[in-house]
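To keep things clear, I will list the structure first and then write my remarks on it.
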DNA sequence: TCAACAATTGACCAGTGGGACAATAAAAAG
DNA sequence: CTTTTTATTGTCCCACTGGTCAATTGTTGA
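Residue numbers (the working numbering), protein chains in the order written: chain A, 38 to 249; chain B, 38 to 249.
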């Protein structure tokens, strides 16, 4: 009987202590390799080496290469999510929530060329990997939802939809720029760019409403 | 003597008739394979098969795989450039030139998921291929120059710079969206999005100037 | 007709990658 | 101290890839 209790406990704690630690190490190693080598050069052996283990162990924890990189994307995804959520928690007004989303997407230790390169490589595989597509879809849906809830009091639902699409595209585009020409856009520049976008669009929509 | 004349002629015409025709076929085949398979799955044999030739012929016309895909990117690049340039030729006012750049970047037979997927795959390799990086840089510089020349009369140089960066990022971001979730953004939506962006930013900058 | 030359092929090679597996070490459980 | 489970390694296999090369087949020019 105590076995069952112990097992249940293990399920929650110890599984997080042995197996899941390794899994996390490997996910992160996979991501690190992706940063340097791209999807074409990211091999199981390199991932294993980066994690200080053998290739065999990688396939012990992940069914295959695909699954490994799917988990790597989930991890990166979660990091970004947490960055936004943390800032969102401190926001009070709609404007503050908007800023939280924007700044969270350009956090200093995330908006960096290597990370961007890995992200790009994963995006490039989305069309050929159903799972990656779903992960990406969820990320985008959350971002959109955050934006819409913040825009709720600031613009008509129609305009909010529109602005939300623009903001997500603009953010992605600025990330892409960072990946294509590191140094061509700074964190501060990116944030200002998106904020100006929102301000301009809101002002315009407001003006329209007034004049209509 | 007539040999030389003939040779000179060949140089200009026949070289374009035999060798370069094959080269173009192969570049396009390479791009087509890239659309379906991504950079990781794009193999010389598949490219050859898609062009109805043998693998050997591909390496007869291109030193190696890298060179092949660099030329594929140049080709795609040129197509986009021509689309913009054609529209630019018809534009008279700065506003028309702005619209030309925007609409050219979302031309109906270009703004399509498969093409976008291939483009994404190439972008993902930019950090690891100096040549790709240069091609990309040239494309971006041209786009920026087109935008700046159009914005010249509409905003202060400072604002123009800023808006140009925003427009390029927004355009890239909308392409990315198309790649990540085909159907999530239509051609018309994309065009309107960028045009609204420009209008809003211009209005805001104008207002600032007035109020300042 | 013949020689030179370009196009094209298919065979071949060495290297690599993903993945299966059996063997072993290490822990946990009892 | 067993027994059972889990972690880990190294080896093996096979498909495949980029790339070389010699041989073959047109094509062109003299």
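Every residue gets a Cβ at the ideal spot worked out from N, C-alpha and C, and that includes glycine.
Contact belief for residue i with residue j at Cβ below 8 Å, rounded distance in angstroms
{"i": "residue 95 of chain A", "j": "residue 79 of chain A", "result": "That pair is no contact at about 12 Å."}
{"i": "residue 250 of chain A", "j": "residue 76 of chain A", "result": "With chain A covering only 38 through 249, there is no way to say anything about residue 250 of chain A."}
{"i": "residue 105 of chain B", "j": "residue 157 of chain B", "result": "That belief does not hold up - the Cβ atoms of residue 105 of chain B and residue 157 of chain B are roughly 18 Å apart, past 8 Å."}
{"i": "residue 124 of chain B", "j": "residue 112 of chain B", "result": "In fact, because the Cβ distance is near 20 Å, the residues do not count as touching under 8 Å."}
{"i": "residue 200 of chain B", "j": "residue 142 of chain B", "result": "That pair is no contact at about 15 Å."}
{"i": "residue 131 of chain B", "j": "residue 189 of chain B", "result": "7 Å"}
{"i": "residue 164 of chain B", "j": "residue 215 of chain B", "result": "Not really, about 22 Å apart at Cβ, beyond 8 Å."}
{"i": "residue 241 of chain B", "j": "residue 236 of chain A", "result": "7 Å"}
{"i": "residue 101 of chain A", "j": "residue 172 of chain A", "result": "Residue 101 of chain A to residue 172 of chain A, Cβ: 17 Å. No contact."}
{"i": "residue 93 of chain B", "j": "residue 234 of chain A", "result": "No, residue 93 of chain B and residue 234 of chain A are not in contact; Cβ-Cβ is about 52 Å, not under 8 Å."}
Residue closest to residue i, alpha-carbon to alpha-carbon, out of the options
{"i": "residue 211 of chain B", "options": "A:214, A:206 and A:213", "result": "A:206"}
{"i": "residue 108 of chain B", "options": "B:242, B:215 and B:170", "result": "B:170"}
{"i": "residue 198 of chain A", "options": "B:194, B:180, B:221 and B:128", "result": "B:221"}
{"i": "residue 116 of chain A", "options": "A:92, A:68, A:166 and A:234", "result": "A:68"}
{"i": "residue 146 of chain B", "options": "B:121, B:160 and B:57", "result": "B:121"}
{"i": "residue 194 of chain A", "options": "A:127, A:73 and A:243", "result": "A:243"}
{"i": "residue 250 of chain A", "options": "A:196, A:173 and A:148", "result": "With chain A covering 38 to 249 only, the question about residue 250 of chain A has no answer from this structure."}
{"i": "residue 99 of chain A", "options": "A:175, A:61, A:196 and A:229", "result": "A:61"}
{"i": "residue 90 of chain B", "options": "B:181, B:66 and B:110", "result": "B:66"}
{"i": "residue 175 of chain B", "options": "B:196, B:133 and B:110", "result": "B:110"}
{"i": "residue 70 of chain A", "options": "A:168, A:159 and A:229", "result": "A:159"}
{"i": "residue 196 of chain A", "options": "B:229, B:129, B:133 and B:196", "result": "B:229"}
CB contact flag (residue i, residue j, <8 Å)
{"i": "residue 183 of chain A", "j": "residue 231 of chain A", "result": "no"}
{"i": "residue 152 of chain B", "j": "residue 213 of chain A", "result": "no"}
{"i": "residue 185 of chain A", "j": "residue 239 of chain A", "result": "no"}
{"i": "residue 72 of chain A", "j": "residue 155 of chain A", "result": "yes"}
{"i": "residue 59 of chain A", "j": "residue 118 of chain A", "result": "no"}
{"i": "residue 218 of chain A", "j": "residue 177 of chain B", "result": "yes"}
{"i": "residue 135 of chain A", "j": "residue 187 of chain A", "result": "yes"}
{"i": "residue 103 of chain A", "j": "residue 166 of chain A", "result": "yes"}
Residue i CB to nearest heavy atom of the ligand SAM below 7 Å
{"i": "residue 105 of chain A", "result": "Among the components of this structure there are no ligands whatsoever, and the ligand SAM is therefore not found."}
With 9 Å as the limit, tell me which residues of the stretch 115-140 of chain A have their beta carbon closer than that to any beta carbon of chain B; keep them in chain order.
none
Please list the residues of the stretch 161-174 of chain B that have a C-beta atom closer than 9 Å to any C-beta atom in chain A, keeping them in chain order.
From the stretch 161-174 of chain B, only 161, 162, 163, 164, 165, 170, 173 and 174 have a Cβ closer than 9 Å to chain A.
Short of 8 Å Cβ to Cβ, which residues in the stretch 192-212 of chain A face chain B?
199, 202, 203, 205, 206, 207, 208, 209, 210 and 211
Using a Cβ-Cβ cut-off of less than 8 Å, give me the residues of the stretch 65-77 of chain B that come near chain A, in sequence order.
74, 75, 76 and 77
Within 8 Å of chain A by C-beta, residues of the stretch 227-241 of chain B in sequence order
230, 233, 234, 236, 237, 238, 240 and 241
Along the stretch 143-157 of chain B, what residues have a CB closer than 8 Å to any CB found in chain A?
150, 154 and 157
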